[in-house]
Amino acid sequence: MAKRIPDQELKTVEAAIRGHPGGVTMRQIARDAGIDLPIRTLQYRLKLLVDEGRLIREGEGRGARYRLPAVTERSASAGEGVARAGAREEASVPLSKDSAEIRNHLRRPLHARTPVGYDRGFLDAYRPNVSAWLSPREQVHLAEVGRPRMTEQPAGTYARRILDRLLIDLSWNSSRLEGNTYSLLDTRRLLHFGEEAEGRERLEAQMILNHKDAIEFLVDAAAQTGFNRHTILNLHAMLANNLLPDETAAGRLRHIAVGIEQSVFHPLEMPQRIEECFDRMLATAAAIEDPFEQSFFFMVHLPYLQPFDDVNKRVSRLGANIPFIKGNLCPLSFIDVPRSTYTEAMLGVYELNRIDLLKDVFIWAYERSAARYAAIRQSIGEPDPFRLRYRAALREIVGEIVRGRMDRRAAFVHIATWADANIEPADDREPFRETAERDILGLHEGNYARHRITLAEFDAWRRIWAEGAG
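See the structure below:
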């Protein structure tokens, strides 16, 4: 008979994790637990705590993180303060009666919940523009709060106007929902200056930088993106870059079996069926006319199918923004969404095929995002239409000057030559030259990143530019 581990030893491990509500790696646990345990022994204790439902494990391999579930935090007298904070977090999203039932069901122990597999009927039963998870009243309400007051513009125009803020908000919040421990300030420094936060895992910085690349992809190619294989596979490739054990799995549909931590849901395992359902899901999403219904449908069905080895929920959150970016609507950046509530909402879809809790989260989160970006839009005013039209060209030419380490004379000659060769109509060439010259003259340490210039590139160029001024 195996020797029983004293409960006090398990509580010591739990105590080390309690101080990290966002999750903690095994290496950090070993450092903080205050007990001298071989790694294999600690692994066994962590597995036992996960199996008993006392811990939640997120991720795989050395990057796996462990955290206390909300129910465990409430049961521990030493963690009563954490429990009250968790209760306040959950109360921040108003829940319907149906949502409360889902949450209560999911807080039962795993052995009291019936194991379930993927139900193809849940997907097939949905009929685009006939079925509706959002009521007409809800669709109208979301359109009212999410449609900015602006004239008809090309796809992606609104997102470009608030891009700097969107990159930080969505990268941080989506990563936070995965257990990333970067703060908002850490995220801003990473995206603006390339500075990684001290004492954090490298994979956390990678996750945030991947979000930045994926968001820029959706905004820059807004007219071409959609619910199609090209967009979603490439979106996954960007979000999964350098994060998967098998590098070839980025942007590829799943060939292996996967499991869902702390859930009785078992995703599909046959690659052929995964591909069939993936194509059916995309076709259904593409056919939905209302952008809010379309977004919510994708948020439900992409993670439910689990078509990729990992990073499925991240793809669903960014993919949910496709109709908003294309339609010049307020984006959904998941501001203030409680991680515990979002996790339970997804489990409600997995185990019960019930969307009520996720719907409450979706509507509440969109209202908060819309309020934030309306305030931002008011503060920044109307953008210069000429600068907006030539945004990509200006970024390209400033980047060339900096990376080419051009002095003032070379830079101005380059701008003139480039404008003559690339700007049409001809009447726009002189205004373009003036705008580009203002941009390069106004370049400083606080704004270089918007041109996709690295700190090392900027520093090397700045020395040459300063010498030329002398």
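Numbered according to the working numbering, the sequence shown spans residues 1057 to 1526. Even for Gly, the Cβ is constructed at its ideal location relative to N, Cα and C.
Ordered along the chain, which non-local residues of its own chain (more than five positions away) have a Cβ less than 8 Å from that of Y1446? Locating residue 1446 in the sequence shown gives position 390, where the first residue counts as 1. Here the set comprises I1479, D1484, F1488 and T1491.
Here's a check: name, in chain order, each residue in its chain whose Cβ is nearer than 7 Å to the Cβ of R1508, leaving out the five neighbours to either side. As a working mapping, residue 1508 is identified with position 452 in the sequence shown. Excluding residues within five positions, the ones whose Cβ falls inside 7 Å are R1451 and G1455.
If I measure Cβ to Cβ from R1370 and keep anything under 7 Å in the same chain, skipping five residues before and after, which residues do I get? Walking along the sequence shown from the start, residue 1370 turns up at place 314. Non-local beta-carbon contacts of R1370 in its own chain, meaning distances under 7 Å to residues more than five positions away in sequence, involve S1230, E1234 and L1295 in chain order.
Leaving out the 5 sequence neighbours to the left and right, which residues in its chain are closer than 6 Å to L1289 when beta-carbon positions are compared? To locate residue 1289, count along the sequence shown from 1; it is residue 233. Closer than 6 Å at Cβ, skipping near neighbours: G1307.
By alpha-carbon positions, which one of R1216, G1255 and P1327 ends up nearest to L1274? Within the sequence shown, numbered from 1, the residue matching residue 1274 stands at position 218. Taking only the C-alpha atoms, the option nearest L1274 is R1216.
Which residues mark the beginning and the end of the alpha helix (DSSP H) in which Y1122 is found? Walking along the sequence shown from the start, residue 1122 turns up at place 66. That residue, Y1122, is in no alpha helix (DSSP H); its beta strand (DSSP E) goes R1121 to R1123.
Cβ-based neighbour list, R1459, same chain, cut-off 6 Å, excluding 5 preceding and 5 following: For the purposes of this step, residue 1459 is taken as residue 403 along the sequence shown, with counting starting at 1. Close CB contacts of R1459 within its chain, under the 6 Å cut and outside five residues either way in sequence, are with E1513 (chain order).
Taking buried to mean at least 16 other C-beta atoms within 10 Å of its own C-beta, is Y1398 buried or exposed? Working through the sequence shown from its first residue, we reach residue 1398 at position 342. Answer is buried; the Cβ neighbour count reaches 16.
With a threshold of 6 Å on Cβ separation, who are the neighbours of M1263 within its own chain once the five nearest residues in sequence on each side are excluded? Reading the sequence shown from its first residue, position 207 is the one you call residue 1263. Once the five neighbours on either side are set aside, the close Cβ partners of M1263 are S1231 and N1236.
A1421 versus A1505, G1404, S1351 and L1259, residue with shortest Cα-Cα distance: On the sequence shown, residue 1421 is found 365 positions in, with the first residue counted as 1. Considering only A1505, G1404, S1351 and L1259, the residue with the shortest C-alpha distance to A1421 is S1351.
Start-to-end residues for the alpha helix (DSSP H) that takes in R1373: Along the sequence shown, read from residue 1 onward, the residue named residue 1373 stands at position 317. Start and end: N1368 to G1375.
Does the region 1368 to 1383 come within contact of the region 1337 to 1357, defined as at least 3 CB pairs closer than 8 Å? yes
Cα-Cα separation between A1141 and E1260, rounded to whole angstroms: In the sequence shown, the residue the question calls residue 1141 occupies position 85. In the sequence shown, the residue the question calls residue 1260 occupies position 204. Note on A1141: pLDDT 38, under 50, position unreliable in the model; the coordinate value appears next. The alpha-carbon atoms of A1141 and E1260 are separated by roughly 24 Å.
At a cut-off of 8 Å, would you count I1520 as near the ligand ZN, judging by its Cβ distance to the nearest heavy atom? Because no ligand of any kind appears in the structure shown, any question about the ligand ZN cannot be addressed here.
Would you kindly work out how many angstroms separate the C-alpha atoms of L1361 and I1095, rounded to a whole number? Position 305 of the sequence shown holds residue 1361. Position 39 of the sequence shown holds residue 1095. Between the C-alpha atoms of L1361 and I1095 there is a straight-line separation of about 35 Å.
Inter-residue Cα distance where the pair is G1079 and G1255: Within the sequence shown, residue 1079 is the residue found at index 23, counting from 1. Within the sequence shown, residue 1255 is the residue found at index 199, counting from 1. A straight-line Cα-Cα distance of about 14 Å links G1079 and G1255.
What is the rounded straight-line gap between the Cα of P1192 and the Cα of E1349? Mapped onto the sequence shown, residue 1192 falls at position 136. Mapped onto the sequence shown, residue 1349 falls at position 293. Cα-Cα distance, rounded: 10 Å.
Is the beta carbon of R1110 closer than 9 Å to that of E1065? Taking the sequence shown and counting its residues from 1, one reaches residue 1065 at position 9. Taking the sequence shown and counting its residues from 1, one reaches residue 1110 at position 54. In this structure, R1110 does not lie closer than 9 Å to E1065 by Cβ.
Below 8 Å on the Cβ atoms is my guess for L1102 versus Y1122; work out the distance and round it to an integer in Å. Counted from its first residue, the sequence shown places residue 1102 at position 46. Counted from its first residue, the sequence shown places residue 1122 at position 66. Contact holds; Cβ gap of about 6 Å.
Counting Cβ pairs closer than 8 Å, one from the region 1380 to 1395 and one from the region 1319 to 1336, do we hit at least three? Contact between the region 1380 to 1395 and the region 1319 to 1336 is absent: fewer than three C-beta pairs spanning the two stretches fall below 8 Å.
Using only alpha-carbon positions, find the residue among I1432, L1104, A1426 and V1469 that is nearest to F1390. Here residue 1390 refers to the residue found at position 334 when the sequence shown is read from its first residue. Of the candidates I1432, L1104, A1426 and V1469, the one whose C-alpha sits nearest the C-alpha of F1390 is A1426.
For T1528 and L1408, what's the separation of their Cα atoms in angstroms? Given that the chain is displayed from residue 1057 to residue 1526, the structure contains no residue 1528 and the question cannot be resolved.
Close Cβ partners of R1518 (< 6 Å) along its chain, the five nearest in sequence each way excluded: In the sequence shown, the residue the question calls residue 1518 occupies position 462. Sequence-distant Cβ neighbours of R1518 in its own chain, meaning closer than 6 Å and more than five residues away, do not exist here.
A1143 versus R1163 - alpha carbon distance: Counted from its first residue, the sequence shown places residue 1143 at position 87. Counted from its first residue, the sequence shown places residue 1163 at position 107. Note on A1143: pLDDT 39, under 50, position unreliable in the model; the coordinate value appears next. Approximately 14 Å between the Cα atoms of the pair.
Looking at the structure shown, is F1249 part of a helix, part of a strand, or coil, going by DSSP? For the purposes of this step, residue 1249 is taken as the residue at position 193 of the sequence shown. In the structure shown, F1249 sits in a helix (DSSP, three-state: H, G or I).
Are the beta-carbon atoms belonging to E1257 and T1473 less than 9 Å from one another? Taking the sequence shown and counting its residues from 1, the one referred to as residue 1257 is at position 201. Taking the sequence shown and counting its residues from 1, the one referred to as residue 1473 is at position 417. The answer is no: Cβ separation not under 9 Å.
Using a Cβ-Cβ cutoff of less than 7 Å, which residues in the same chain neighbour R1244 once the five nearest sequence positions on both sides are dropped? Taking the first residue of the sequence shown as 1, we reach residue 1244 at position 188. Sequence-distant partners of R1244 (beyond 5 residues in either direction) whose C-beta falls short of 7 Å from its own C-beta, in its chain, are I1224.
Per DSSP, T1081 forms a beta bridge with which residues? As a working note, residue 1081 is residue 25 in the sequence shown. Its beta-bridge partners are R1121.
Measure how close the beta-carbons of P1047 and F1321 come, nearest whole angstrom, since I'm counting them as under 8 Å. Absent from the model: residue 1047. The displayed extent of the chain is 1057 to 1526, so no value can be given.
Whose C-beta lies closer than 7 Å to the C-beta of E1146 among residues of the same chain, with five residues either side of it excluded? Within the sequence shown, numbered from 1, the residue matching residue 1146 stands at position 90. Here E1146 scores only 42 on pLDDT, less than 50, and its place in the model should not be relied on; the value that follows carries that caveat. Its chain contains P1394, S1396 and T1397 as the residues whose beta carbon lies nearer than 7 Å to that of E1146, once the 5 sequence neighbours on both sides are disregarded; these appear in chain order.
Report the residue ranges of all beta strand (DSSP E) runs contained in full by the region 1183 to 1258; include only those spanning at least 3 residues, in chain order. For the region 1183 to 1258, not a single whole beta strand (DSSP E) run of length 3 or above is found.
With DSSP as the reference, identify every bridge partner of R1113, one or two as the case may be. Taking the first residue of the sequence shown as 1, we reach residue 1113 at position 57. DSSP output for R1113 lists Y1122 as bridge partner(s).
Reducing DSSP to helix, strand and coil, say where A1058 ends up. Taking the first residue of the sequence shown as position 1, residue 1058 is located at position 2. Reliability of the predicted coordinates at A1058 is poor, the pLDDT of 43 falling under 50, and the value obtained from them is presented with this limitation in mind. Coil at A1058, not helix or strand.
Suppose you measure from the CA of I1271 to the CA of L1338; what does that come to, to the nearest Å? Within the sequence shown, numbered from 1, the residue matching residue 1271 stands at position 215. Within the sequence shown, numbered from 1, the residue matching residue 1338 stands at position 282. In a straight line, the C-alpha of I1271 is about 20 Å away from that of L1338.
Chain-order list of residues whose beta-carbon lies under 8 Å from that of W1189 (same chain, five-residue window excluded): For the purposes of this step, residue 1189 is identified with residue 133 of the sequence shown, where counting begins at 1. Counting only Cβ-Cβ distances below 8 Å, and skipping sequence neighbours, we find E1349, F1352, F1353, V1356, I1411 and K1415.
Among L1444, P1210 and S1319, the one whose alpha carbon lies nearest that of I1381: Walking along the sequence shown from the start, residue 1381 turns up at place 325. Among L1444, P1210 and S1319, the Cα nearest to that of I1381 belongs to P1210.
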